[in-house]
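**Q**
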Amino acid sequence: MALSLGWHIILACFGVAFPAIIFVMHLRGIRRDDPVALELARRWAKVSAVLFAIGAVSGTVLSFEMGLLWPGLMGTYGDVLGLPFAFEGLAFFVEAIFLGIYLYGWGRMPPRQHVLMVLPMAVTGIIGAYCVVAVNAWMNVPTGFRLVDGEVTDVQPWTVLFNQHAFLQFAHMWVGAYMVVGFSIAGVYAVGMLRGRRDAHHRLGFIVPFVFASVAALTQPFVGHVLGFGLDERQPAKLAAFELAETTESPSPLRLGGVLVDGEVRGSIDIPVLGSLIAMNSPTAPVPGLDTIPEDERPPVNLTHLAFQTMVGIGTLLAAGVAWFWFQRRRGRDLLERRWFLRAAVAAGPLAAIALESGWVATEVGRQPWIVHGVMRTPEAVGDYTSALWWLLGISTVIYTAMTVGAVVVLRSMARRWRAGETDLPSPYAPPVEELQR
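FYI, the numbering for the sequence shown is 535 to 972, going by this note's numbering.
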């Protein structure tokens with residue numbers, strides 16, 4: 535499940551953020567009669583179609599894994615989680631319909647009507663992502679049902695879908711998606727500029743997604759901080775692991791790095807008071823320590839702590855980087871002329887993806903040993919598998935490896951043919967026409 539989710543989440547980011555970026559580029563092309571912007575929007579639409587197709591495969595695998603790997607969870611709480619998953623499926627199909635209309639509408643629809651076909655794609659991408667995140671938020675803060683003698687009763691599906699924690703958790707994921715997609719697309723054009731292609735096509739292809747990524751990177755620290763409000767009450771063990779707080783201290787230090795070995799913190803850099811200030815919004819309030827948590831309810835502390843700090847560290851670095859870029863741009867200095875900046879821009883996409891993955895590791899591992907916090911432990915939810923589980927993992931690994939290779943081959947083929955001057959690629963996976971004629 536970790537392999538499947540970790541792979542699929544990157545594609546999900548493109549489903550959430552890419553349509554809005556395409557819309558802005560297409561709208562710019564129409565309003566300014568800009569052929570460069572229109573060509574970029576057209577190419578990005580075809581890239582999004584490739585990613586959407588691959589994401590459909592990985593999403594289908596995930597839907598089967600929910601039932602196969604977690605029969606205890608779905609068997610017990612299927613009625614509770616049915617509505618969000620149903621809406622996610624509907625959103626997926628609506629997004630697919632409008633993606634098809636948009637792709638085949640080029641040159642066939644009036645431009646101002648055609649560009650509007652992107653908006654349903656953007657909206658349904660957001661709805662689908664929200665529904666999935668709402669399920670995860672429910673797993674962190676379960677609500678909308680009662681347990682009577684071990685049976686789930688009084689299910690309130692709308693309460694589950696709109697639980698109080700879902701909106702902030704979705705906002706954190708939504709902004710993170712724009713960071714991943716914006717930095718990744720900008721990085722592609724940064725590579726082109728490093729190779730000497732410094733034309734209007736590459737500069738515009740860089741700057742539009744970089745604007746989206748910049749806004750997201752500067753917003754994300756605030757969203758993440760607000761999301762953490764009340765974590766000491768909802769999931770104190772997770773907060774203790776985040777902060778590597780082996781004991782309750784007042785005021786609590788901020789621990790950078792370090793690991794917990796035999797109940798003792800080693801290798802950390804402690805900054806006094808800052809832990810209480812950031813985690814508890816108070817200079818004196820203590821961060822609950824692991825000493826207040828029963829041993830059988832503690833998560834894997836080191837993995838949770840290091841994943842959380844990786845997310846925060848990369849996010850802070852990216853926010854500082856974009857702030858510096860726009861500050862220099864305001865002073866009339868174009869960092870796109872500096873090779874060191876372009877190299878940093880290329881690295882920003884993978885770094886944003888690592889931060890996203892680390893954040894999900896932190897929130898999921900930090901909830902352990904619960905799959906539904908305080909209600910169902912993970913061993914109660916997982917299926918009873920032996921050697922068959924390793925076969926399933928092996929098959930999944932082969933599938934995802936094949937899809938990764940396929941995506942890279944198709945996208946590189948498309949890019950190579952675009953650079954050669956081909957503007958219309960009806961079959962990006964097919965060989966060039968000249969080869970077919972021979």
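Idealized CB from N, CA, C, for every residue including glycine.
In the stretch 866-944, which residue ranges form an unbroken beta strand (DSSP E) of at least 3 residues, counting only runs that do not cross its ends?
**A** List check, beta strand (DSSP E) in window: 904-906.
**Q** Assign Y638 to one of two classes, buried (16 or more other C-beta atoms within 10 Å of its C-beta) or exposed (fewer than that).
**A** Exposed is the call here.
**Q** When we look at the beta-carbon of R865 and count the other beta-carbons within 10 Å, is it buried (16 or more) or exposed?
**A** That one is exposed.
**Q** Would you check if the stretch 797-814 and the stretch 840-857 touch, i.e. whether three or more CB-CB distances between them fall below 8 Å?
**A** Taking 8 Å as the limit for Cβ pairs, the verdict is that the stretch 797-814 does not touch the stretch 840-857.
**Q** Excluding the five sequence neighbours on either side, which residues of its own chain have a C-beta within less than 7 Å of the C-beta of A775, listed in chain order?
**A** So the qualifying residues of the chain are P833, V835, T838, H839 and G900.
**Q** Check this for me: beta carbons of L738 and A949, under 8 Å apart or not?
**A** No.
**Q** Considering Cα atoms alone, identify which of P903, L788 and A819 is closest to E829.
**A** Comparing Cα-Cα distances from E829 to each of P903, L788 and A819, the minimum goes to P903.
**Q** Whole angstroms are fine: how far does the CA of H735 sit from the CA of Y636?
**A** When rounded, the distance between both Cα atoms is 22 Å.
**Q** Measure the C-alpha to C-alpha separation of E677 and A779 and round it to an integer number of angstroms.
**A** Correcting the residue type first, residue 677 is Thr in the shown sequence and not Glu. So the two alpha carbons sit approximately 28 Å from each other.
**Q** Threshold first: 4 residues or longer. Then list the alpha helix (DSSP H) segments lying entirely within the stretch 678-749, N to C.
**A** DSSP runs (the alpha helix (DSSP H)) wholly in the stretch 678-749: 691-695 and 700-728.
**Q** From the DSSP secondary-structure annotation, give me the bridge partner or partners of R789.
**A** Answer is D804.
**Q** Quick check on the burial criterion: 16 or more other C-beta atoms within 10 angstroms. Buried or exposed for P817?
**A** It counts as exposed.
**Q** In the structure shown, what three-state DSSP assignment does V795 receive?
**A** Looking at V795 - three-state DSSP - the assignment turns out to be strand.
**Q** Residue range of the alpha helix (DSSP H) that A771 falls in?
**A** Where A771 is concerned, the enclosing alpha helix (DSSP H) stretches over P770 to E777.
**Q** Cβ atoms of A575 and L633: under 8 Å apart, would you say?
**A** Contact flag unset, no.
**Q** Can you tell me where the alpha helix (DSSP H) with F598 in it begins and where it stops?
**A** Counting along the chain, the alpha helix (DSSP H) containing F598 begins and ends at P569 to L603.
**Q** Exposed or buried, F627, counting other C-beta atoms within 10 Å across all chains shown (16 or more means buried)?
**A** The residue in question, F627, is exposed, as its Cβ has fewer than 16 Cβ neighbours within 10 Å.
**Q** Is the beta carbon of F717 sitting closer than 8 Å to the one on G883?
**A** A contact, by the Cβ cut-off of 8 Å.
**Q** CB-CB under 7 Å to A579, same chain, minus the five flanking residues each way: which ones, in chain order?
**A** For A579, where only same-chain residues beyond five positions count, the Cβ hits under 7 Å are I556, Y636 and L637.
**Q** On the criterion of 16 or more Cβ atoms from any shown chain inside 10 Å, does P787 qualify as buried, or is it exposed?
**A** Buried, since its Cβ has 16 or more Cβ neighbours within 10 Å.
**Q** First and last residue of the alpha helix (DSSP H) that includes T658?
**A** Unbroken alpha helix (DSSP H) run through T658: V652 to N674.
**Q** Which value, in whole angstroms, describes the spacing of the CA atoms of N670 and D568?
**A** Whole-angstrom Cα-Cα distance: 42 Å.
**Q** Using 8 Å as the threshold, is the C-beta distance between A887 and I544 below it?
**A** Against a cut-off of 8 Å, the Cβ pair of I544 and A887 comes out as a contact.
**Q** When DSSP labels each residue in this structure, what does E780 get in the three-state scheme?
**A** Here E780 sits in coil by DSSP.
**Q** L602 to G917, Cα distance in whole Å?
**A** For L602 and G917, the distance between alpha carbons rounds to 7 Å.
**Q** Would Q862 and L852 qualify as a contact pair, given that the criterion is a beta-carbon distance under 8 Å?
**A** Cβ distance not < 8 Å, so Q862 and L852 don't count as in contact.
**Q** On the DSSP bridge assignment, give the partners of V757 in chain order.
**A** BP columns for V757 are empty, so no partner.
**Q** Any chance the CB of S810 is under 7 Å from a heavy atom of the ligand ATP?
**A** In terms of ligand content, the structure shown is empty, and the ligand ATP therefore cannot be addressed.
**Q** State the start and end residues of the unbroken alpha helix (DSSP H) segment that holds P553.
**A** Note, P553: alpha helix (DSSP H), A536 to R565.
**Q** Any idea if A896 is buried or exposed, counting beta-carbon neighbours within 10 angstroms, 16 or more meaning buried?
**A** Buried, by the Cβ-count rule.
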